[in-house]
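Given below as structure tokens:
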């Protein structure tokens, strides 16, 4: 353990990242983007802010709104308006009893439009009211180029998004453990009115790409092929989006490969790695131990860099000190750019010394 008797600004070189050359992508998509989910870092984009139809990738928002609506075990009675909806289906009948969770599985694995309508009516009372919930969530996420008119993605000129905003919706949804589990599932059984149905996920990326964890396919004549995929490796989750992409499987493989080659997870400090003894004035102890309790790992562009850490502390401390007090910090810089910081905490308490008055002073006062 290091004993520190002076202040404070220690510059320590830390690590060197190798640089990687990334060639430009040649994609079939009209709009595309690759984004790291936790940080929002974009490593590739092409026409990512043009409004386009999104087909069944709409169901990403439908699913997260359903999941956030409450008890997923509650049964939904299938309304007449949800039966026979155009497109993909799990062939629901009027009055079928299906849990909300099973409907979401049908929605995301089989891309069932009847399940989408059943969810909307069961949660909000109507397709129109549910679309209002979807738009409210889009506004909550700060999106300005996304608008929903239905829960399934069938063509409507007022139903649109952009590659960038669809990636943001997906990044938000992937934070939800239930959503993430559903979209990463290959096959699943659901119960529809007492009958078991077998579902199979249409997203071939789950089988094609190492680390794939979701999320949704889509197609209409108006939108062309649409795809949102996600893959997790080395502590990172990448989200790839293509809109109007004839060769979307190949596009996504190339996009995700580029993303993982472009970024790296760098561990800057372990929890408890840095401990010091620092001086204290006016206490029952003349020094005490401080330590970082938190670790710090960051996702950074993969390039050559020298990271330094700066320890920020006063020259000395005054009692009293409580164990757990924040007493300083370690900052991490790439040249002049602050990357992040972790606090130092006091590991022990230091009581303030109580000085007793001199007895002669009391007598002659």
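In our numbering, the protein residues as written are 11 to 375.
Note that CB positions come from ideal geometry on N, CA and C, so glycine has one too.
Restricting to Cα atoms, I'd like to know which of the options is closest to residue i.
i	options	result
residue 250	44, 141, 166, 34	44
residue 219	259, 244, 156, 329	259
residue 149	124, 160, 130, 178	178
residue 38	55, 46, 50, 47	55
residue 283	303, 276, 36, 289	303
residue 163	154, 71, 180, 206	71
residue 118	227, 285, 252	227
residue 323	205, 288, 52	288
residue 155	285, 310, 170	170
residue 215	53, 292, 206, 261	261
residue 291	325, 273, 145	325
residue 50	309, 280, 331, 327	309
residue 280	80, 255, 205, 354	354
residue 313	340, 334, 350, 274	274
residue 333	131, 340, 298, 350	298
residue 180	296, 147, 204, 211	147
residue 132	188, 75, 151	75
residue 83	139, 138, 136, 188	188
To the nearest angstrom, report how far apart residue i and residue j are at their CA atoms.
i	j	result
residue 113	residue 103	13 Å
residue 358	residue 336	12 Å
residue 347	residue 356	28 Å
residue 78	residue 176	18 Å
residue 263	residue 237	12 Å
residue 166	residue 159	7 Å
residue 209	residue 182	25 Å
residue 352	residue 48	19 Å
residue 40	residue 316	38 Å
residue 73	residue 300	46 Å
residue 34	residue 63	26 Å
residue 185	residue 338	31 Å
residue 276	residue 36	29 Å
residue 311	residue 85	47 Å
residue 345	residue 245	25 Å
residue 94	residue 124	7 Å
residue 46	residue 213	20 Å
residue 60	residue 225	22 Å
residue 256	residue 53	22 Å
residue 168	residue 141	12 Å
residue 157	residue 81	26 Å
residue 136	residue 145	14 Å
residue 211	residue 285	50 Å
Between which residues of its own chain and residue i is the CB-CB distance below 6 Å, once the five residues before and five after are set aside?
i	result
residue 364	none
residue 278	306, 342
Establish whether the CB of residue i and some CB of chain B are separated by less than 8 Å.
i	result
residue 219	The structure shown contains no chain B; it holds only a single protein chain.
Can you tell me where the alpha helix (DSSP H) with residue i in it begins and where it stops?
i	result
residue 35	First-last for residue 35: undefined, no H or E at that position.
residue 7	Limits of the chain in this structure are 11 at one end and 375 at the other, which puts residue 7 out of reach.
residue 145	137-150
residue 191	187-193
residue 272	258-272
residue 182	173-184
Can you list, in chain order, the residues of its chain with a C-beta nearer than 7 Å to that of residue i? Leave out the 5 residues immediately preceding and following it.
i	result
residue 88	102, 103, 104, 105, 106, 108, 128
residue 294	360, 361, 363
residue 153	175, 178
residue 126	69, 72, 117, 161, 162
residue 20	Unreliable placement is indicated for residue 20, whose pLDDT of 48 sits below 50; the coordinate value is still reported in the next sentence. Counting only Cβ-Cβ distances below 7 Å, and skipping sequence neighbours, we find 320, 321.
residue 426	In the structure as shown, the chain starts at 11 and stops at 375, and residue 426 therefore has no counterpart that could be examined.
Residues in the same chain with beta-carbon distance under 8 Å from residue i, minus the five sequence neighbours each way, listed in chain order, please.
i	result
residue 229	65, 66, 235, 236
residue 57	40, 41, 42, 173
residue 201	108, 109, 112, 207
residue 199	206, 207, 208, 209
residue 330	293, 359, 360, 361, 362
residue 115	192, 195, 198, 200, 209
residue 90	104
For the beta strand (DSSP E) that residue i lies in, which residues bound it at each end?
i	result
residue 291	285-291
residue 112	Where residue 112 is concerned, there is no enclosing beta strand (DSSP E), although the alpha helix (DSSP H) it sits in stretches over 110-119.
With a cut-off of 8 Å, do at least 3 Cβ pairs link the segment 211-225 to the segment 241-256? yes
Touch check for the segment 317-329 and the segment 264-272: three-plus C-beta pairs under 8 Å? These segments do not touch.
If contact is defined by three or more beta carbon pairs under 8 Å, each pair taking one atom from either stretch, is the segment 192-205 in contact with the segment 90-98? no
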